[in-house]
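Report on the following structure.
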Amino acid sequence: MSDDRYLQSALYQIQETPTYTAPTRKTEEPEFIERQVKSVPMPAAFVPTDDQLFMNDAHGRRRPNPDFLREHFLREGRLTIEQALTILRQTTDLLASEPNILHVRSPVTVVGDIHGQYYDLMKIFEIGGDLSDTNYLFLGDYVDRGCFGIECLLYLYTLKLWHPDRLFLLRGNHECRHLTEYFTFRRECLHKYSQPVYDACIESFCALPIVGLLDGKFFCVHGGISPELNTLEDIRRMNRFEEPKSFGLLCDLLWADPIPQFGNEHEPAAAIARGQPPLAPGQLWEHNGVRGCSYFFTYEAVIKFLERNELLGVIRGHEAQDAGYTMFRKTPTKKFPSVITVFSAPNYLDVYHNRGAILKYANKNITIRQYHARPHPYWLPNFMDAFTWSLPFVGAKIIEMLLAILSICSHEELEDSDSSDEPDAEARTLPDFSSLSAAAAQDLAGRRQQIKNKILVVGKMQRLFQLLREESENASELTPDSAGLGASDVGSRIGADALGVQGNQIRRYIRSFDEARKLDIANERLPQFDYAPTSFPLVPVPSMRQPLQAQLARSWHGSGSSTPTSPNDDDVDSGEGGFSDGGMGGVGRPPGAWPQPLGMEALIRRTLEEDEGDGGVVERLAERIASGRKPTGRPRPLKRHETT
Ligand SMILES: [Mn+2]
């Protein structure tokens, strides 16, 4: 078929199709207001007025409207700082009036860790039942890890204000200053609200009760029991209004775990599985190596505690469970699970693939309700905005293009600063100078040197942006290299050059609960910031584990009577076990001695200003980033505090 006939045929086809209309360009204005993904509701951009948020209760007190708050938070709405503070202060007063041990009556829904998963919390209330039909007992860990901790907290506090005798909130190990500074909650508060709001949260945490007694039979607590716990009187006498220490009764109640292979822990096979020497006969406690503080309690320890206090069982949260819950070995007399773990954050950290569960206790019957995770809005690591996050990627690309334009000589020629003495090298890149005047030749050589310097600087910038890009990609709490066994398996599946938040990459490659748990195990520890003086906080995108100035200041002031002889005293205890005996605040360097983190612009300027050849800033940045990934930069075990 000739071209002509082909064309005719094509035209004929078009004419014969009357329904065909050629695509026309829209002449109207492009639609910017219409949402592209209509299934996602528009975020609530407004802050409510006091009249919208507050309403009077039966006693004429101004209380936040829970229905309004629930919907407002579902649409990612925020409150004014004053409104948030009002809710926090009202609740703190109420919580402070409660005793250390709460008496909770059935029917009750017991809820384990929430960890900032507000959208799943909404599901919990749907499944758990209406507050008019059931009481609620929450076992703590409302904040950290998930990105909606403040919403969880304000909503739960609002319900507490309306139902003080029906809804009960216990303290978890994350409800303290130390952990919320280390994990996400402090950043979240500062991003969404302010420091005073964060401080008010901490104050409310210190007012949270510790233990719930369910129908006088079940001992409900976040972590577990303690060698310092004989009778419930020990808890009643305890002062809970403080930042928990890294040892002692309060610490154990918030941190302890059942020993691995609980119920069979004395069998030789259990010791092998634990990788620990076998327990001595009659040994009830073992140091909790996973947490770096507190204890593993044995089956026997629980049985003795239950019998001593005429209780049926322990209900606790604190550990992620694949099915959302675990019922441990039954008691010999009452044939009831000695310990039940409930974990209510489904698909924990968006990677665990676990189900969430809540426990319902009614008519002397325990039922478990399991559920899957709900979708939720996405936040970049550290609540970073998309522009900040992508800057290193854009920068790296621009530098790459610049380098391609400038690449007029080989790498060897660049390295060789005396190449002008070698006629051979010259001949390859530049025209013969012999015909030029001496002045012109010198001018040319000078210009050549200029270009060479430019290329070298651009090369340095390339390295800088590469590092920043890597840091952006790696901004995740789960880093393959820092995890223990099995992590390399996951690590090898992630391309070194994968573009994207590594958290996302990791999410894609974690296939099971066990993989996620292995990667995350370091984060289960009582954290310690890395105060090593070699750390160089250059990274403009705040790194997950960078100590905050405020923390440094406090840890320094909290380090007791010792004052530094000079601000640069390197003998400051910043290494292993650098915890002061009094509390969880570490001992650090004086804040003045700590170099301030640089902004992106300052970092680039400093790199440009540096002498050629000296890798200074870039190399230190590389070192800083690398050391952040090494296990040494991760939480370390605490000095063991023996309890008697
Ligand atoms: Mn916990």
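Residue numbers for the sequence shown follow our numbering, beginning at 16 and rising by one.
Cβ atoms here follow ideal geometry from the backbone N, Cα and C, with glycine treated the same way.
Predicted, not measured: the structure shown is a model, and the values here were computed from it.
Span separating the alpha-carbon of residue i from that of residue j
i	j	result
L94	V62	5 angstroms
L417	H368	44 angstroms
F358	F311	18 angstroms
L618	Y157	37 angstroms
Y340	H237	14 angstroms
L109	C191	18 angstroms
P296	P242	17 angstroms
V473	S219	52 angstroms
E113	Y363	31 angstroms
H281	L294	6 angstroms
A455	R462	10 angstroms
K207	I466	47 angstroms
K349	L247	20 angstroms
M57	E166	17 angstroms
E49	V55	12 angstroms
A377	K138	20 angstroms
F88	R306	33 angstroms
A360	E415	43 angstroms
D214	T107	12 angstroms
P283	Q276	11 angstroms
C204	H130	14 angstroms
L299	L264	16 angstroms
F198	D159	6 angstroms
R78	R484	47 angstroms
A316	C235	16 angstroms
L84	A372	24 angstroms
L326	Y151	20 angstroms
For residue i: DSSP bridge partner residues
i	result
M342	I355
C679	The structure shown does not extend to residue 679, since the chain spans only 16 to 659, so no value can be given for it.
I116	V226
R540	Note: R540 sits in no beta bridge, so no partner.
Terminal residues of the beta strand (DSSP E) in which residue i lies
i	result
G371	G371 to A377
E280	Per DSSP, E280 belongs to no beta strand (DSSP E) and is neither H nor E.
T124	V123 to V126
E301	W300 to H302
Limits of the unbroken alpha helix (DSSP H) element including residue i
i	result
R251	L247 to R252
V409	A401 to L421
F320	Y314 to R323
L265	L264 to W270
M137	Y133 to G143
F3	Within the shown structure, residues of the chain are numbered from 16 to 659, placing residue 3 beyond reach of any answer.
L154	Here L154 belongs to no alpha helix (DSSP H), and DSSP marks it neither H nor E.
D337	Note, D337: premise wrong, no alpha helix (DSSP H); not H, not E.
D529	F528 to D535
Simplified DSSP state of residue i, which is helix, strand or coil
i	result
M70	strand
F83	helix
I383	strand
Y197	helix
T107	helix
T149	coil
Y310	strand
H391	coil
L184	strand
T622	helix
L635	It is Arg, not Leu, that sits at residue 635 in the sequence shown. DSSP places R635 in helix when its eight states are reduced to three.
P273	strand
R77	strand
P179	coil
G607	No answer about G607 holds up, because its pLDDT of 42 lies below 50 and its placement is not dependable.
K469	helix
L100	helix
L174	helix
P12	As displayed, the chain neither begins before 16 nor continues past 659, which places residue 12 out of reach and without an answer.
N397	helix
Y363	helix
I217	helix
C191	coil
L244	coil
Check: residue i C-beta below 7 angstroms from any heavy atom of ligand 2
i	result
D156	Of the ligands this structure carries, namely ligand 1, none is ligand 2.
Residue-chain proximity (residue i, chain B), Cβ-Cβ < 8 angstroms
i	result
P224	Within the model displayed, chain B is absent; a lone protein chain is all it includes.
Task: Meets three-Cβ-pair contact criterion under 8 angstroms: the stretch 383-401 and the stretch 132-142 - done: The stretch 383-401, when compared against the stretch 132-142, does touch it at the 8 angstroms Cβ threshold.
Task: Inter-stretch contact at 8 angstroms, needing at least 3 Cβ pairs: the stretch 116-133 / the stretch 228-245 - done: They touch, by the three-pair rule.
Open item on the list: Contact between the stretch 142-155 and the stretch 64-73 is defined here as three or more beta-carbon pairs at a separation below 8 angstroms; is this criterion met?
Closed with: No contact exists between the stretch 142-155 and the stretch 64-73.
Open item on the list: Under 8 angstroms, with one C-beta from each stretch per pair, do the stretch 269-288 and the stretch 174-190 reach the 3-pair mark?
Closed with: Flag = yes, the stretch 269-288 and the stretch 174-190 touch.
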